[in-house]
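Participant:
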Amino acid sequence: MNSMNSKIISLLFSFFFVSSLYASEVEHFFVVSGVVINSGNSKKIENFIQMLEDKSGYKLKPYYVRSYEHLSQVLQDNPDALAWTCGAPYVEDAIKDGQQLIAVPLYKGVPTYSSFIVSRKSDPGKSILDFKSKIFTYSDPRSNSGFVAPASELQKHGYKIGTFFSVEIYAGIHEKSIEAIYRGLADVAAIDEYVWIEYTKTHPHLKEQLHVIQKIGPYAFTPIVAGKDVDKKTIKKLQEALVGMSKVELQTFKNDFNMDGFVIKDKTFFQSIKTNMLVVGIDLEVEK
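First residue of the sequence shown: 4, per the working numbering; consecutive thereafter.
#1: Identify whether H214 lies in helix, strand or coil by the three-state DSSP scheme.
#2: When DSSP labels each residue in this structure, what does F3 get in the three-state scheme?
#3: Based on Cα-Cα distance, which residue from I105, A91 and A106 lies nearest to K99?
#4: How big is the Cα-Cα spacing for I200 and A97?
#5: Enumerate, from N- to C-terminal direction, the unbroken beta strand (DSSP E) stretches of 3 or more residues contained entirely within the region 46-93.
#6: Residues in the same chain with beta-carbon distance under 7 Å from R123, minus the five sequence neighbours each way, listed in chain order, please.
#7: What are the residues that DSSP puts in a beta bridge with R123?
#8: Output yes or no for whether 8 Å exceeds the beta carbon distance between H177 and S142.
#9: Should G112 be labelled buried (16 or more other beta-carbon atoms within 10 Å of its own) or exposed?
#10: Use the C-beta contact count for V35: other C-beta atoms within 10 angstroms, 16 or more gives buried, fewer gives exposed.
#11: Have a look at V94, H73, K62 and V68 and flag the residue whose alpha-carbon is nearest the alpha-carbon of T271.
#12: I276 to A223, Cα distance in whole Å?
#13: With DSSP run on the structure shown, which of helix, strand or coil describes F307?
#14: Quick one: what's got a C-beta closer than 7 Å to Q158's C-beta in the same chain, skipping five residues either side?
#15: On a Cα-Cα basis, can you pick out the residue from F32, S125, L109 and R69 that is closest to K257?
#16: Using the Cα positions of A174 and M280, report the straight-line distance between them to the nearest angstrom.
#17: In angstroms, rounded to a whole number, what distance separates the CA positions of N44 and Y67?
#18: Around the Cβ of H208, are there at least 16 other Cβ atoms within 10 angstroms (buried) or fewer (exposed)?
#19: Just how far apart, CA to CA, sit A26 and E56?
#20: Which residues does DSSP pair with D195 in a beta bridge?
#21: State buried or exposed for V29, treating a residue as buried only when at least 16 other CB atoms are found within 10 Å of its CB.
#22: For G230, count the other beta carbons within 10 Å of its own beta carbon; 16 or more makes it buried, fewer makes it exposed. Which is it?
#23: Have a look at K62 and I216 and give me their C-alpha separation to the nearest angstrom.
#24: Taking the alpha-carbon positions, what's the Q79 to I48 distance?
#25: Rounded C-beta distance between I219 and S117? I'm assuming under 8 Å.
#26: Does DSSP put T278 in a helix, in a strand, or in coil?
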């Protein structure tokens with residue numbers, strides 16, 4: 004081998020070595036919006052992300068957003084990102100943008116939850132149907148528990164959510180929906196079961212005036228997902244990291260989020276959410 008060829012081979016080796024080293028250092032967004040209590044700027048979430056990074060080798064950087072629309076846009080713009088999202092956005096984004104399901108958390112030992120219809124105890128209403136022409140508040144227009152589930156429930160009884168209530172208040176997160184009812188700004192809300200239980204634990208005064216009058220569900224719980232460019236090998240490592248947490252890691256996860264770990268499911272697990280989305284007229288066709 005002549006000296007010129009040796010130099011070329013050496014340069015190529017150096018290029019691929021440096022490229023590989025750089026690739027391993029690239030940070031990928033882990034996008035979060037509203038799925039857990041205090042989901043913005045939470046140290047607990049950052050600790051969870053760090054655990055996932057350490058076990059999978061996939062470098063991650065927290066990215067907090069205020070809506071599921073923004074979350075979906077970040078994954079569309081950064082298809083190598085991960086996210087902790089809601090079932091309804093996942094169903095839509097999997098169809099339209101190739102979003103991939105990684106795992107589903109367990110709450111009270113099961114990977115499902117319900118939409119809780121909440122009102123003031125002083126109101127005689129016994130279900131969402133008793134609040135026609137009243138004020139409704141919801142967390143996000145793409146939230147399964149906050150909007151899709153109650154909209155589907157109304158649709159089954161011949162009502163459209165857009166005309167059933169006199170006013171609809173977009174609160175941004177479930178906690179603000181709860182507070183809106185408590186403060187008399189709204190009459191009824193649809194709240195994520197997990198958020199209602201965990202938030203009222205730390206704000207027990209809310210239960211003095213508010214109560215759950217109806218449960219809609221259960222549905223697949225809020226999943227961990229990946230953008231379309233995350234390769235299958237990495238997905239596998241991430242799944243192993245989530246379902247293979249040690250006893251210490253599981254206890255930390257339990258202490259931080261009061262969840263019991265993760266399970267692997269496929270997209271059919273979200274069929275009931277998809278059905279409800281179609282019932283209320285959400286377009287799930289692939290965009291041309």
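No residue lacks a Cβ here, since even glycine has one placed at the ideal position from N, Cα and C. Every value quoted in this text rests on a predicted model; they were computed, and no experiment measured them.
Facilitator: Let's see:
#1: strand
#2: Since the first residue of the chain shown is 4 and the last is 291, residue 3 is not available in this structure.
#3: A91
#4: 29 Å
#5: List check, beta strand (DSSP E) in window: 63-67 and 85-87.
#6: Excluding residues within five positions, the ones whose Cβ falls inside 7 Å are I184, Q212 and L213.
#7: L213.
#8: yes
#9: By the neighbour-count criterion, in which a residue is buried when 16 or more other Cβ atoms sit within 10 angstroms of its Cβ, G112 is exposed.
#10: buried
#11: Ranking V94, H73, K62 and V68 by Cα distance to T271 puts V94 first.
#12: 8 Å
#13: Shown here, the chain extends from 4 to 291; a query on residue 307 therefore has no answer.
#14: Counting only Cβ-Cβ distances below 7 Å, and skipping sequence neighbours, we find V282 and V283.
#15: L109
#16: Between A174 and M280, the C-alpha separation is close to 21 Å.
#17: Unreliable placement is indicated for N44, whose pLDDT of 49 sits below 50; the coordinate value is still reported in the next sentence. Rounded to whole angstroms, N44 to Y67 spans 7 Å at the Cα level.
#18: exposed
#19: Reliability fails at A26, whose pLDDT of 44 lies under 50, so the model's placement of it is uncertain and the value that follows must be treated cautiously. Straight across, the Cα-Cα distance linking A26 with E56 is about 14 Å.
#20: Partner residues in the beta bridge of D195, as assigned by DSSP, are S118.
#21: exposed
#22: It is buried - the Cβ of G230 has at least 16 other Cβ atoms within 10 Å.
#23: Annotation: K62 to I216 spans about 43 Å, alpha carbon to alpha carbon.
#24: 22 Å
#25: 6 Å
#26: helix
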